[in-house]
Amino acid sequence: MHRLIKLFFAKAQRIIQKPMRVIIFRLYQWMMLALFRRVKGWRAVEWRSHRISLQKQLTKNTVILRDASPTLSSEEKALLSFLSENVIRSDFSIFSTKVPDLTSYDYQSDWRYGKKWPPQYYKSYVFYEQKNRPYDVKFPWELSRLHFLMPLFVNAAGNSDKYLEGLEYAQVMLARWRSLNRVAYSVNWYPMEASIRLINLVLMRDLVVQALSTESDAGSVLEDLYSSLSAMIYEHAVFVWMNREFTDVRGNHFTANLVALLCASYALSKNATSRKWRRYAIKWLNIEVSLQFLQDGVNFEKSCGYHKLVLELFILAAISRAKHGEPFAQDALVLLELAAKYSEATMRPDGSSAGFGDSDDAVILPFLFDRPRDHGPIVALSQSFLEYDSPSPLVKKIDYLAAKFLTASKGIPRIKLVNDSEVMYFPTGGYVVVRSIQKNSHLMIDVGEVGMNGRGGHGHNDLLSFEFMRDAISLVRDPGCSGYTADLLKKDHYRRTRSHSTVCLFDEEMARFSGSWGIENDAQPYNISVVRKDGSVEVCASHNGYERVSQGASVSRKFEINLITLDFLLTDEIDFCNASGSIEWNFPVGALEVNVSSDRRSAVIKAQGKTYSIEMKGEAQVCVRPDIYSEAYGHESPGNVLVARINRATGIVRQVFDFKKII
27 MHRLIKLFFA KAQRIIQKPM RVIIFRLYQW MMLALFRRVK GWRAVEWRSH RISLQKQLTK
87 NTVILRDASP TLSSEEKALL SFLSENVIRS DFSIFSTKVP DLTSYDYQSD WRYGKKWPPQ
147 YYKSYVFYEQ KNRPYDVKFP WELSRLHFLM PLFVNAAGNS DKYLEGLEYA QVMLARWRSL
207 NRVAYSVNWY PMEASIRLIN LVLMRDLVVQ ALSTESDAGS VLEDLYSSLS AMIYEHAVFV
267 WMNREFTDVR GNHFTANLVA LLCASYALSK NATSRKWRRY AIKWLNIEVS LQFLQDGVNF
327 EKSCGYHKLV LELFILAAIS RAKHGEPFAQ DALVLLELAA KYSEATMRPD GSSAGFGDSD
387 DAVILPFLFD RPRDHGPIVA LSQSFLEYDS PSPLVKKIDY LAAKFLTASK GIPRIKLVND
447 SEVMYFPTGG YVVVRSIQKN SHLMIDVGEV GMNGRGGHGH NDLLSFEFMR DAISLVRDPG
507 CSGYTADLLK KDHYRRTRSH STVCLFDEEM ARFSGSWGIE NDAQPYNISV VRKDGSVEVC
567 ASHNGYERVS QGASVSRKFE INLITLDFLL TDEIDFCNAS GSIEWNFPVG ALEVNVSSDR
627 RSAVIKAQGK TYSIEMKGEA QVCVRPDIYS EAYGHESPGN VLVARINRAT GIVRQVFDFK
687 KII
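If you read the sequence shown in our numbering, its first letter stands for residue 27, the second for the next number, and so on.
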């Protein structure tokens, strides 16, 4: 009881700091949920969903997917068959961890640490707590999104025994999940999770409708699946509607709520309730698309992973709305095209995307759930649906699998060949990308604010940091983020200034942390310029994040990049003004082999038979510090950071780092 009282007052304190519109909505929502629980409304939802499951009238229309199944290549069929067999054997991973035996898994445990969240009313759980084991509720959440079942529904092998086996397995898994997770009474009834699960349920329903349009020996199984899915869609839609995550600065959670309600409204019979969901979703999607994507297409949360997630949500909404005669306005579609082009710009030669900000590893697009950091599928789908210029060679043929099911795509179009190095500047989002596809090189620089309109959110203290991949080798990387609720101190470690390839002054954060998610709007970028010259480009930017420590203190950074050799000079100018203190530079290199010279004025990195050097001009000396880094959510590895540090009195310090390839 004491814990619940503390939780109530903590939530109340957060609410009263919100605008009046949000306060009124939250109070109304709280009262409605309290009343709903008191009159046993969730039991009534289960009873209503049972009646829906008994209805035998099947629709012939899909919600998001094409009405007819596409023709798949032998490569696509083989991949889907491989994924399906692995799912049935429980032989796949989420968050870099092998899943447990799904035939006996309770869907309420972090199986790595034996932690089980007991079934109880969903409002009574507390996820942000001190703990002596790093268990993480996102593990049962991720499996409960049920996206791994998607390949089982694909009629890739006709009416084969394996296809029927896959459908029967999916039927058992859905029934098992539902029996273990009564509506509103398990840890998996969290609005964001219910929203993504609802979208996946609608996609599964669409695949069933596609299969029912052809003669099939699996007809009875498909009909049973259709009934079960319809019931679950209704349960989830009611839950999401009553738990909409509306606030003053809305992000990916509210977007997921809207897309889920839109899809559910199209999937269920047209009545007053579903029409209300649809009207609400369309109204707010029209608003949110221009709030969550900046003018250059960058998502305002300043996280590459969450950019992909939100773009996937909006593209699915756009496809569904167009299919049902209620399309987005043209300016919104143009913005989504820009967002897709930014997604493509973040793609690195190794197939993954840059790692700025938090990495959730969420996957909304169906089928290829085992490649969470690959932006190729959403870029391919966006290009196919929006019909803009052909993408770069970084988008592979297999990336068009989702586009085949969702659009009329016949596969990869003519590739846009780029022989020279490209320079792409996203001025509103605050990123610069310099890449050479031919040379497998990618440099991405952050020159924007911390994210979410200066609140942080899924952004990090990474202003003026960069990622550098050369010859498909990550020489300087973003540290990533291995988890959220598992270890709150470690979460802060990953988002701190010293974990990124930027400048840390006075041993302070460039912007103060505010709770587990917030970052104060201390660090404002200014004097940003991107100037291309003959054979080179110069990128300059400054920020004032340390003025709160010493009035007038500033950090200015200049990249001089040779577009022919891809060597570059990094020059930092730090003005202490009237204070003295430390300056620290950090360059995370992951698990690469690093050797520091005897005079500590240079470092050599060797990888895959190639040698690269970083030479310094200035007062600083370099050393190697062990640290951790994360390739994806749930993943963590030991690595190294090149560290340069000096202590200075008042004045201006100028330090140069020369990044170049030797062999």
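Where a beta carbon is used, it is the ideal one built from N, C-alpha and C, also for glycine.
CA nearest to the CA of residue i, picked from the options
i: residue 294; options: 112, 448, 460 and 232; result: 232
i: residue 310; options: 277, 658 and 528; result: 277
i: residue 508; options: 502, 519, 498 and 500; result: 519
i: residue 689; options: 643, 657, 638 and 667; result: 638
i: residue 420; options: 54, 172 and 467; result: 467
i: residue 385; options: 376, 392, 394 and 398; result: 398
i: residue 553; options: 582, 562 and 525; result: 582
i: residue 678; options: 600, 446 and 98; result: 600
i: residue 562; options: 578, 125, 591 and 580; result: 591
i: residue 91; options: 390, 430, 168 and 644; result: 430
i: residue 651; options: 426, 418, 621 and 635; result: 621
i: residue 464; options: 375, 486 and 493; result: 375
i: residue 45; options: 118, 55, 275 and 354; result: 275
i: residue 394; options: 195, 178 and 521; result: 178
i: residue 203; options: 168, 372 and 682; result: 168
i: residue 111; options: 80, 191 and 146; result: 191
Proximity below 7 angstroms, CB of residue i to CB of residue j
i: residue 408; j: residue 380; result: no
i: residue 327; j: residue 484; result: yes
i: residue 284; j: residue 298; result: no
i: residue 557; j: residue 527; result: no
i: residue 7; j: residue 370; result: Any property of residue 7 remains undetermined from this structure, which presents the chain solely from 27 to 689.
i: residue 560; j: residue 686; result: no
i: residue 71; j: residue 219; result: no
i: residue 641; j: residue 632; result: no
i: residue 777; j: residue 665; result: With the chain covering only 27 through 689, there is no way to say anything about residue 777.
i: residue 213; j: residue 134; result: yes
Distance, residue j Cα to residue i Cα
i: residue 255; j: residue 115; result: 23 angstroms
i: residue 236; j: residue 414; result: 28 angstroms
i: residue 473; j: residue 49; result: 34 angstroms
i: residue 575; j: residue 673; result: 16 angstroms
i: residue 323; j: residue 402; result: 17 angstroms
i: residue 250; j: residue 288; result: 24 angstroms
i: residue 462; j: residue 356; result: 32 angstroms
i: residue 614; j: residue 291; result: 47 angstroms
i: residue 644; j: residue 596; result: 12 angstroms
i: residue 210; j: residue 68; result: 7 angstroms
i: residue 272; j: residue 296; result: 25 angstroms
i: residue 342; j: residue 459; result: 27 angstroms
i: residue 23; j: residue 471; result: The structure shown does not extend to residue 23, since the chain is modelled only from 27 to 689, so the question has no answer here.
i: residue 340; j: residue 533; result: 40 angstroms
i: residue 682; j: residue 586; result: 11 angstroms
i: residue 259; j: residue 481; result: 34 angstroms
i: residue 264; j: residue 150; result: 19 angstroms
i: residue 228; j: residue 390; result: 12 angstroms
For residue i, three-class secondary structure by DSSP
i: residue 655; result: strand
i: residue 468; result: strand
i: residue 674; result: strand
i: residue 215; result: coil
i: residue 688; result: coil
i: residue 196; result: helix
i: residue 622; result: strand
i: residue 530; result: strand
i: residue 306; result: helix
i: residue 642; result: strand
i: residue 478; result: coil
Cut-off 8 angstroms between Cβ atoms - residues of its own chain near residue i, not counting five sequence neighbours on either side
i: residue 550; result: 475, 569, 570 and 571
i: residue 199; result: 128, 172 and 175
Residues of its chain near residue i, where Cβ-Cβ distance is below 7 angstroms and the 5 sequence neighbours each way are ignored
i: residue 626; result: 647, 648 and 649
i: residue 183; result: Residue placement at residue 183 is flagged as unreliable, the pLDDT there being 48, under the threshold of 50; the coordinate-derived value follows with that caveat. Around residue 183: 103, 107 and 189.
Own chain partners of residue i with C-beta closer than 6 angstroms, once the 5 adjacent residues on each side are dropped
i: residue 671; result: 610
i: residue 161; result: 136, 139 and 141
i: residue 286; result: 221, 224, 225 and 266
i: residue 234; result: 248, 251 and 252
i: residue 331; result: 385 and 386
i: residue 455; result: 320, 322, 324 and 474
Residue i beta carbon near the ligand SAH (any heavy atom closer than 6 angstroms)
i: residue 243; result: No copy of the ligand SAH occurs in the structure displayed, which carries no ligand at all.
Residue-chain proximity (residue i, chain B), Cβ-Cβ < 7 angstroms
i: residue 254; result: Considering every chain present, this structure includes no chain B. It has just one protein chain.
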